[in-house]
Amino acid sequence: MLRRLVYAFALTAVTSILAAEATEAAELIMVETPGCAYCLKWNQDVGAAEYAATPEGQFAPLRFVDLRDAPPDGVTFLRPVVFTPTFVLVEDGTEIDRIEGYPGEDFFWGLLGMKLKAKTAFAGGS
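With this note's numbering applied, the sequence shown corresponds to residues 278 to 403, in that order.
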């Protein structure tokens, strides 16, 4: 009986921890269009593989969306995306900030880091 109680308590605690982490899920959505020169430049300078290997990329995984498509299911943008690339920072399915355009690698990392630190629980990175 005691063993079952301990097991149930442990299972509840783990479930609560995982649920708390899920509510802090951040994501970076790159809205792009085919042939966009600045999108191509971002892919040359940063790229999905390099992004994914950074603390920022591990905290807020990257997803690509075409400008002509609607926001992904379960995601709400606060306003329409007009320029590409636009990097939409999303938490719990809702936009919390964005970077419009690609200002170059150094500015991209600096802006992204500032936005993540200001708007999420992100603590480290570039």
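Ideal Cβ placement from N, Cα and C applies to all residues, glycine included.
Item                                                                                                                                                                   : Value
Residue range of the alpha helix (DSSP H) that L388 falls in?                                                                                                          : 382-396
For the beta strand (DSSP E) containing L355, name the first residue and the last one.                                                                                 : Careful: L355 lies outside any beta strand (DSSP E) and carries neither H nor E.
Is it the case that the stretch 377-390 contacts the stretch 351-366, given that we only count it when at least three CB pairs across the two stretches are under 8 Å? : yes
Closest by CA to F341, which one among V359, F360, A325?                                                                                                               : A325
If contacts are defined as beta-carbon pairs under 8 Å, then F354 and A303 qualify, I think. What distance do you get, rounded to the angstrom?                        : Rounded, the Cβ-Cβ distance is 15 Å, inconsistent with contact.
For K394 and P338, I'd like the C-alpha separation in whole angstroms.                                                                                                 : 15 Å
Measuring CA to CA, which of I376, D383, E382, G381 is closest to K392?                                                                                                : I376
Sorted by chain position, which residues of the same chain lie with C-beta nearer than 6 Å to A299's C-beta, five sequence neighbours on each side aside?              : The predicted position of A299 is uncertain, since its pLDDT is 41 and thus under 50; a value taken from the coordinates is nonetheless stated next. Cβ neighbours of A299 beyond the five flanking positions: none.
Measuring CB to CB, does E309 end up less than 7 Å from C316?                                                                                                          : yes
Assign F384 to one of two classes, buried (16 or more other C-beta atoms within 10 Å of its C-beta) or exposed (fewer than that).                                      : exposed
In whole angstroms, give me the CA-to-CA distance for V352 and D343.                                                                                                   : 14 Å
Am I right that T397 and E368 are in contact with their C-beta atoms under 8 Å? What's the rounded C-beta distance?                                                    : 6 Å
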